[in-house]
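All the letters of the sequence shown, read from the start, carry residue numbers 1 to 274 under UniProt numbering. Before any comments, here is the structure.
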Amino acid sequence: MKKPTPDEIGHGYDAFADLLDRLWGENLHHGYWNDASEDVSVDEAADRLTDRLAGLLTIEPGDRLLDLGCGIGEPAMRLAAAHKIEVVGVSISRRQVERANDRAVAAGLADRLSFQLADAMDLPFPDGSFDLVWALESLHHMPDRGHVLAQAARVLRPGGRVAIGDFMLLPSADGYEAGAARVAEASKGVLSVISLDDYLSLIRAAGLEPGPTEDVSRYTRPSWDKAAERFAALREQAVPHIGAEQFDLTLSRFHAFSAEPSLGYALLTARKPA
Ligand SMILES: C[S@@+](CC[C@H](N)C(=O)[O-])C[C@H]1O[C@@H](n2cnc3c(N)ncnc32)[C@H](O)[C@@H]1O
1 MKKPTPDEIG
11 HGYDAFADLL
21 DRLWGENLHH
31 GYWNDASEDV
41 SVDEAADRLT
51 DRLAGLLTIE
61 PGDRLLDLGC
71 GIGEPAMRLA
81 AAHKIEVVGV
91 SISRRQVERA
101 NDRAVAAGLA
111 DRLSFQLADA
121 MDLPFPDGSF
131 DLVWALESLH
141 HMPDRGHVLA
151 QAARVLRPGG
161 RVAIGDFMLL
171 PSADGYEAGA
181 ARVAEASKGV
191 LSVISLDDYL
201 SLIRAAGLEP
211 GPTEDVSRYT
221 RPSWDKAAER
231 FAALREQAVP
241 HIGAEQFDLT
251 LSRFHAFSAE
261 PSLGYALLTA
271 RKPA
């Protein structure tokens with residue numbers, strides 16, 4: 001299945017920004033729930049996932065972090081405020097970059113936070129210019145995870161660290177291949193997933209050493225049903241934008257992903273050798 005190009009992904013995020021705001025809030029990523037019935041809001045659960053990933057990393061005050069696929073900047077702002085670090089975020093969506101910069105100014109964090117339009121496949125930064133690279137739920141969109149990891153390794157200083165939150169392929173009764181094909185088909189190529197072992201191989205091939213890793217699949221899975229619930233409530237606003245057919249298809253995808261045993265979620269870290 002052909003993946004959308006980075007430009008197509010960027011235009012998609014630009015075109016549906018208002019809808020995405022209403023669907024996901026300020027964090028454009030999954031939440032972390034101890035169980036599906038836990039009474040925690042989507043926003044709080046999303047912040048929890050950010051914190052969970054940050055907890056796997058050593059973050060020192062003054063560090064310079066590159067956020068690959070920064071959305072409208074919420075995880076970057078949370079990290080900058082909590083750890084007193086400098087953050088540069090990149091997104092392939094022009095509108096997201098504008099909004100992220102406006103939000104940083106409004107939060108009084110613009111001296112340490114900046115966002116720019118760039119393709120993570122071709123990073124416009126010198127070698128060794130960051131202490132940390134962060135990619136929360138963005139690598140699945142990109143044409144080649146291995147290439148992006150190599151870019152991350154290039155812009156990191158020796159001893160620098162990487163944190164990734166991403167969908168992954170879980171073993172299922174009919175095997176990895178069948179699961180990957182079902183996920184790709186249901187998402188029309190937007191969600192390409194690989195197993196944890198394959199992920200670790202890509203990390204090593206990029207010249208990085210894998211660090212602490214967590215399978216959080218059962219804690220993020222409730223996000224699909226919560227997204228379906230929110231999306232269903234947005235029918236009136238969404239249909240004029242995307243049409244009834246596309247609306248029903250998207251809603252059915254959320255339900256399909258929620259029930260898909262092959263679709264998991266991993267938090268991964270890595271380090272560039274010193
Ligand atoms: C699901 S959103 C996650 C946003 C953010 N990390 C968050 O957690 O709120 C995916 C992000 O990846 C970005 N993205 C996708 N492909 C990209 C690429 N090739 N280069 C840079 N950003 C990309 C999108 O523009 C979007 O900001």
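Heads up, the beta-carbon is just placed ideally off N, CA and C, and yes, glycines get one too.
Alpha-carbon to alpha-carbon, E38 and D63: Counting from one through the sequence shown, the residue named residue 63 turns up at place 63. Counting from one through the sequence shown, the residue named residue 38 turns up at place 38. C-alpha separation (whole angstroms): 35 Å.
Span of the beta strand (DSSP E), counted from its first residue to its last, around G160: Your numbering for residue 160 matches position 160 in the sequence shown. It spans L156 to L169 - the beta strand (DSSP E) in which G160 sits, taken as one unbroken run.
Boundaries (first-last residue) of the alpha helix (DSSP H) holding R99: The residue given as residue 99 occupies position 99 in the sequence shown. R94 to A106 is the extent of the alpha helix (DSSP H) around R99.
Start and end residues, beta strand (DSSP E) containing F125: If you number the sequence shown from 1, residue 125 lands on position 125. Here F125 belongs to no beta strand (DSSP E), and DSSP marks it neither H nor E.
For F16, three-class secondary structure by DSSP: Reading the sequence shown from its first residue, position 16 is the one you call residue 16. Coil.
Cβ-heavy atom distance, S91 to ligand 1, below 8 Å: If you number the sequence shown from 1, residue 91 lands on position 91. The answer is yes for S91.
Backbone CA spacing between A80 and L113 [nearest angstrom]: The residue you call residue 80 lines up with position 80 of the sequence shown. The residue you call residue 113 lines up with position 113 of the sequence shown. Using only the alpha carbons, I get a separation of about 7 Å.
Three CB pairs or more closer than 8 Å across the segment 266–273 and the segment 200–219: yes
Near ligand 1: Q246 beta-carbon under 8 Å from a heavy atom: Taking the sequence shown and counting its residues from 1, the one referred to as residue 246 is at position 246. Outside the cutoff, so no.
Contact belief for H255 with L19 at Cβ below 8 Å, rounded distance in angstroms: Along the sequence shown, one-based indexing puts residue 255 at 255. Along the sequence shown, one-based indexing puts residue 19 at 19. 18 Å between Cβ atoms; not a contact.
Beta-bridge partners of S114, as assigned by DSSP: The sequence position of residue 114 within the sequence shown is 114, counting from 1. Looking at the DSSP assignment, S114 forms a beta bridge with V88.
Inter-residue CB distance, L49 and L234 (contact presumed, cutoff 8 Å): As a position in the sequence shown, residue 49 is number 49, starting the count at 1. As a position in the sequence shown, residue 234 is number 234, starting the count at 1. Actually they are not in contact, since the Cβ atoms of L49 and L234 sit about 22 Å apart, beyond 8 Å.
Bridge partners - P210, DSSP secondary structure assignment: By one-based count along the sequence shown, residue 210 stands at place 210. Paired residue(s): A270.
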